[in-house]
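**Q**
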Amino acid sequence: MDRIEGDIAVCELDDGSMTDIELSSLPEGTREGSVLVSIDGVSYSIDKDAENAARERLFKMQESLFDE
10 MDRIEGDIAV CELDDGSMTD IELSSLPEGT REGSVLVSID GVSYSIDKDA
60 ENAARERLFK MQESLFDE
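Note that the sequence shown ends on residue 77 in our numbering; no numbers are left out.
(1) Exposed or buried, what is residue 59 when buried is set at 16 or more other beta-carbons lying within 10 Å of its beta-carbon?
(2) Rounded to a whole number of angstroms, what is the C-alpha to C-alpha distance between residue 18 and residue 73?
(3) Can you give me the Cβ contacts of residue 41 inside the same chain, cut-off strictly under 8 Å, excluding the 5 residues immediately before and after it?
(4) Restricting to Cα atoms, I'd like to know which of 75, 68, 47 is closest to residue 97.
(5) Residue 45 and residue 32 look like a contact to me (Cβ under 8 Å); what is the Cβ gap, rounded to whole Å?
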């Protein structure tokens with residue numbers, strides 16, 4: 010998820026496009042940076058493994074920028 014605007018979660022899809030999802034339809038604990046997986050096109054779950062992998066990639070990119 011990219012960001013929260015009021016009661017709407019603005020999410021980036023795999024193809025880079027953005028979509029709006031009602032925050033109330035997302036699982037408890039969803040926050041900016043959460044990686045969501047659509048279960049049936051209506052329900053979502055948080056993919057903790059993908060979320061951790063994304064954070065690790067960002068951390069490594071950040072480290073490489075400051076090591077130069």
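Backbone N, C-alpha and C fix where the C-beta goes; we use that ideal spot for every residue, glycine too. The structure displayed is predicted, hence computed values, not measured ones.
**A** On the basis of the data shown:
(1) Looking up residue 59 in the sequence shown gives position 50. Exposed, since its Cβ has fewer than 16 Cβ neighbours within 10 Å.
(2) Here residue 18 corresponds to residue number 9 of the sequence shown, with the count starting at 1. Here residue 73 corresponds to residue number 64 of the sequence shown, with the count starting at 1. The straight-line gap from Cα to Cα measures roughly 31 Å.
(3) For this step, residue 41 is matched to residue 32 along the sequence shown. So the qualifying residues of the chain are 10, 11, 12, 13.
(4) Nothing about residue 97 can be read from this structure; the chain reaches only from 10 to 77.
(5) The sequence position of residue 45 within the sequence shown is 36, counting from 1. The sequence position of residue 32 within the sequence shown is 23, counting from 1. Taking a contact as a CB-CB distance under 8 Å, the pair residue 45 and residue 32 does not count as one, their CB atoms being some 12 Å apart.
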